[in-house]
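S.K.:
Residue numbers (the numbering used here): 12 to 294.
What follows is the structure in structure tokens.
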């Protein structure tokens, strides 16, 4: 992927995230091998591959939840610090939306408490916090929701909207989306994807989007990277990679969805098995 992109006026812009030759080990097992990846401002880079390919580990390194053993991670053109005030400042510029909104939202909390959590953690809630929470929920299509209602009373799609509102609370420039639609019905998936695309247009967000679903890759991505056994085996513009794959593994992944229903084009094998474990009847 190119190290830089051009903005609307043709100017060269610095990527929001640039990963170079990253390696990561857990004990004697190397889970990331010489991984390089770029996420451009206001654009979406998707990571696709089987379970265990290293996608989530890479995402955790980007968010600062894990540290790499080798290579570099640049955020906004600067090396990412591992600890201290500078590291915390960068974390505030990154939001996260997880896979299952039934697990990622604490059932003991109200809607207002969930969305306000990042603001309280930064000491920003006292000054206009309630108004900010309402603004975020409105932005995510949860207009007039009762802030005192517990999250247990909402559907999966509504919960994911609440989770997205929480991810936006700190005004991030990058959101890491880890399978954000895989636990939802197809119709609700489309609504959440449309929401993410609208937020990207309106807020200039960049997404690092982890998914097993090729159709979602085609729909939401500008760039895509295919991971296999801890390596990126192919990367580039989504149209190029999905219509003219060069790596045999990418070809295998794409061939797995040929001939399937447009509503069920998901990767077969270990990926399909993993997805079957996720609830599919939540709206």
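We treat Cβ as the ideally placed atom computed from N, Cα and C, and that holds for glycine.
Predicted model only: the values in this text are computed from it and were never measured.
Need the endpoints of the beta strand (DSSP E) that residue 242 sits in, please.
M.R.: Stepping through the chain shown from its first residue, residue 242 is reached at position 231. Note, residue 242: beta strand (DSSP E), 242 to 248.
S.K.: Given a threshold of 16 other Cβ atoms within 10 Å of its Cβ, counted over all protein chains shown, does residue 197 qualify as buried or as exposed?
M.R.: Translated into positions along the chain shown, residue 197 becomes position 186. Residue 197 should be labelled exposed.
S.K.: Does residue 231 come out as helix, strand or coil in the three-state DSSP assignment?
M.R.: As a first step, residue 231 is located in the chain shown; it is residue number 220 there, counting from the start. If DSSP states are grouped into helix, strand and coil, residue 231 belongs with the helices.
S.K.: Roughly how many angstroms separate the alpha carbons of residue 27 and residue 102, rounded to a whole number?
M.R.: In the chain shown, the residue the question calls residue 27 occupies position 16. In the chain shown, the residue the question calls residue 102 occupies position 91. Using only the alpha carbons, I get a separation of about 13 Å.
S.K.: Have a look at 156, 56, 76 and flag the residue whose alpha-carbon is nearest the alpha-carbon of residue 252.
M.R.: The residue given as residue 252 occupies position 241 in the chain shown. Selected option, being the one with the closest Cα: 56.
S.K.: Taking residue 98 as part of the alpha helix (DSSP H), name the residues at either end of that continuous run.
M.R.: Reading the chain shown from its first residue, position 87 is the one you call residue 98. Here the alpha helix (DSSP H) through residue 98 covers 95 to 102.
S.K.: Nearer than 8 Å: is that true of the beta carbon of residue 166 relative to any heavy atom of the ligand GDP?
M.R.: By its list of ligands, the structure shown contains no ligand whatsoever, and the ligand GDP lies outside what it can speak to.
S.K.: Considering only DSSP beta bridges, list what residue 188 is partnered with.
M.R.: Taking the chain shown and counting its residues from 1, one reaches residue 188 at position 177. Residue 188 pairs with 108, 220.
S.K.: Contact defined as beta carbons within less than 8 Å: I believe residue 73 pairs with residue 174. What is the distance between those atoms, to the nearest angstrom?
M.R.: The residue given as residue 73 occupies position 62 in the chain shown. The residue given as residue 174 occupies position 163 in the chain shown. The pair is not a contact, with the Cβ atoms about 18 Å apart (cut-off 8 Å).
S.K.: If you drop the 5 nearest sequence neighbours on each side, which residues of the same chain put their C-beta closer than 8 Å to that of residue 121?
M.R.: One-based indexing of the chain shown puts residue 121 at position 110. For residue 121, where only same-chain residues beyond five positions count, the Cβ hits under 8 Å are 158, 159, 160, 161, 162.
S.K.: Can you confirm whether the region 229 to 242 touches the region 59 to 77 when touching is taken to mean that 3 or more C-beta pairs between the two stretches lie within less than 8 Å?
M.R.: Segments in contact, yes.
S.K.: Quick check: the region 128 to 146 against the region 209 to 222, are at least 3 beta-carbon pairs closer than 8 Å?
M.R.: Not touching, per the Cβ criterion.
S.K.: Start and end of the beta strand (DSSP E) containing residue 40?
M.R.: Walking along the chain shown from the start, residue 40 turns up at place 29. 40 to 50 is the span of the beta strand (DSSP E), which, as asked, contains residue 40.
S.K.: Measuring CB to CB, does residue 181 end up less than 9 Å from residue 133?
M.R.: Residue 181 sits at position 170 when you count from the first residue of the chain shown. Residue 133 sits at position 122 when you count from the first residue of the chain shown. Yes, the Cβ-Cβ distance between residue 181 and residue 133 is below 9 Å.
S.K.: Mark residue 170 as exposed unless 16 or more other C-beta atoms lie within 10 angstroms of its C-beta, in which case mark it buried.
M.R.: If you number the chain shown from 1, residue 170 lands on position 159. With 16 or more Cβ atoms within 10 Å of its Cβ, residue 170 is classed as buried.
S.K.: Any idea what DSSP makes of residue 154, helix, strand or coil?
M.R.: Your numbering for residue 154 matches position 143 in the chain shown. Coil.
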